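Trainee: To convert, note that position 74 of the sequence shown is 74 in this note's numbering; the numbers rise steadily by one, no gaps.
Just so it is clear, CB atoms sit at the ideal spot from N, CA and C, and this is done for glycine as well.
Owing to the predicted nature of the structure, the values given are computational and were not obtained by experimental measurement.
I have a structure I would like to understand better, so I am pasting it below and will then ask my questions one at a time.
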Amino acid sequence: MVTDVPAISVRTTVAEASRMMKANFGDESFMNAAPGLIVLNERGGLAGILTPLSIITALMEGVKTPGIDEPFFASLCQRIKDLPISEIMEHQPISVTPDANITDIADLFIKHRFQRVPVVEGKKVIGIIYRSRLLFAMTKSLEFAPAP
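This is the structure we're talking about:
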């Protein structure tokens, strides 16, 4: 579990969240190669998850004939930049508790194709489990397996 959880408020705008994702992309300690942000409600509890796909989906909503030039994408961005994240995030995400069984967590990744699962204690987000980190933990013995 990673405890340095990238989180934003439900009131954060799409523009702010997008800048945060881009600024931290590639910083493995923060985003762990799975850019996305935990969205917290006013009380600090889990409200949802914002993923790159959430923003792409909002951008493309209602687009019939996609353009390919920069002004086209700029117009799409203009339409959503000031929206609060609460309008485009994934609501009521599935989460686990700190005592969750690793096979149950793996099953969530398989069934739902998640990149990350928040770890919640009570109503507070205390960490996040990334699919890649779970894989590396589960396959640790393969690192030392002799080559065929």
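#1: So is residue 93 buried or exposed if we call it buried at 16+ other beta carbons inside 10 Å?
#2: To the nearest angstrom, how far is it from the Cα of residue 50 to the Cα of residue 82?
#3: Excluding sequence positions up to five away, which residues of its chain have a Cβ less than 7 Å from the Cβ of residue 189?
#4: I'd like the list of long-range same chain contacts for residue 98, defined as Cβ closer than 8 Å, with 5 residues on each side in sequence excluded.
#5: So, helix, strand or coil for residue 5, using DSSP?
#6: What residues in its chain sit with their C-beta under 8 Å from that of residue 90, if we drop five residues either side in the sequence?
#7: Quick check: residue 14 and residue 38, are their CB atoms within less than 8 Å of each other?
#8: Residue 62: which of 76, 87, 71 and 138 sits nearest, CA to CA?
#9: Here's the rule: buried if 16 or more other CB atoms are within 10 angstroms of the residue's CB, otherwise exposed. What is residue 182?
#10: Using only the alpha-carbon positions, how far apart do residue 57 and residue 11 sit?
#11: Can you give me the C-alpha to C-alpha distance between residue 43 and residue 8, rounded to a whole angstrom?
#12: In terms of residues, what are the limits of the alpha helix (DSSP H) holding residue 133?
#13: Is DSSP giving residue 125 helix, strand or coil here?
#14: Near residue 131, what residues of its chain come up, given a Cβ to Cβ distance below 6 Å and the 5 sequence neighbours on each side ignored?
#15: Would you give the residue range spanned by the alpha helix (DSSP H) that residue 74 belongs to?
Mentor: In brief:
#1: With 16 or more other Cβ atoms within 10 Å, it is buried.
#2: Put simply, the backbone Cα of residue 50 is about 15 Å away from that of residue 82.
#3: Nothing can be reported for residue 189: it is not among the residues displayed for the chain, which extend from 1 to 148.
#4: 1, 119, 121, 126 and 127.
#5: Assignment of residue 5 by DSSP, reduced to helix, strand and coil, places it in the coil class.
#6: Same-chain partners within the cutoff: 48, 49, 50, 51 and 54.
#7: Cβ atoms of residue 14 and residue 38: not closer than 8 Å.
#8: Nearest C-alpha to residue 62: 76.
#9: Within the shown structure, residues of the chain are numbered from 1 to 148, placing residue 182 beyond reach of any answer.
#10: If you take the alpha carbons of residue 57 and residue 11, they lie about 19 Å apart.
#11: Our two residues, residue 43 and residue 8, have alpha carbons roughly 12 Å apart in a direct line.
#12: Residues 131-138.
#13: Reduced to three states, the DSSP call for residue 125 is strand.
#14: Residues of the same chain with a CB within less than 6 Å of the CB of residue 131, apart from the 5 flanking positions on each side, are 109 and 115 in chain order.
#15: Residue 74 -> alpha helix (DSSP H) spans 70-80.
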